[in-house]
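What follows is a short report on a single structure.
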């Protein structure tokens, strides 16, 4: 799973960004909210990603925050909601706004989104209700700045992503890294320390 990507913006549209990562150009599908937050071409960015492999394509979806990425992953597990509709939903409502809709049982806001009828909206509210709190708790520390500047926060975010890739829940990974985080730590040392602490 590709959980994060860093690179230089080459081109961007309202639904896609082309990133130069070590000389390779990665096309990343993004919701409108992320597209609008992206800086001008030539700037380096970090995106939280979700990789989808299909018979006819390999698609990389990118988000400006881990909360939005985690909400996307939850959305596409709902019956009848695929990646395309998931991106459409998060283009109209970012992760926190969608979480508020779920908490408030706000069907009227959801049905205003393209491709969402009343039945789909009601199903989303039911299936997301128990998962929203977990996503918010795990993603509060995941609001990453789009401009990639080396920092302890950046290292911690990478370490958290590594733990998630190993199968730990986002909130578990976040708590584990916070317990062992310190100045001038590398991603590798943080991951090793966190794993040792969790055993």
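Residue numbers (our numbering): -18 to 180.
Cβ coordinates follow ideal geometry from the N, Cα and C atoms, glycine included.
Quick caveat: nothing in here was measured; it's all calculated off a predicted structure.
Roughly how many angstroms separate the alpha carbons of residue 162 and residue 144, rounded to a whole number?
14 Å
Less than 8 Å between the C-beta atoms of residue 88 and residue 113, yes or no?
No, Cβ-Cβ distance for residue 88 and residue 113 is not below 8 Å.
Using the beta-carbon count (16 or more within 10 Å), is residue 110 buried or exposed?
The C-beta of residue 110 has fewer than 16 other C-beta atoms within 10 Å across all chains shown, which makes the residue exposed.
Is residue 113 helix, strand or coil by DSSP?
helix
Can you tell me which residues form a DSSP beta bridge with residue 1?
-11 and 6
I'd like to check one pair, residue -8 with residue 22: are the Cβ atoms closer than 8 Å?
yes
Specify the secondary structure class of residue 126 as computed by DSSP and reduced to three states.
The predicted position of residue 126 is uncertain, since its pLDDT is 37 and thus under 50; no value can be drawn from it.
How is the beta strand (DSSP E) around residue 26 delimited, first residue to last?
25 to 34
Cα separation between residue 102 and residue 58?
14 Å
Quick one: which unbroken alpha helix (DSSP H) runs of 4-plus residues sit fully inside the segment 26 to 90? Chain order, please.
47 to 56, 64 to 73 and 76 to 84
Three-state secondary structure (DSSP) at residue 105?
helix
Going by DSSP, what residue range makes up the alpha helix (DSSP H) through residue 156?
151 to 161
Is the beta carbon of residue -6 sitting closer than 8 Å to the one on residue 9?
no
Please classify residue 24 as buried or exposed, where buried requires at least 16 other C-beta atoms within 10 Å of its C-beta.
exposed
Could you check the C-alpha separation between residue 142 and residue -18 for me, to the nearest Å?
10 Å
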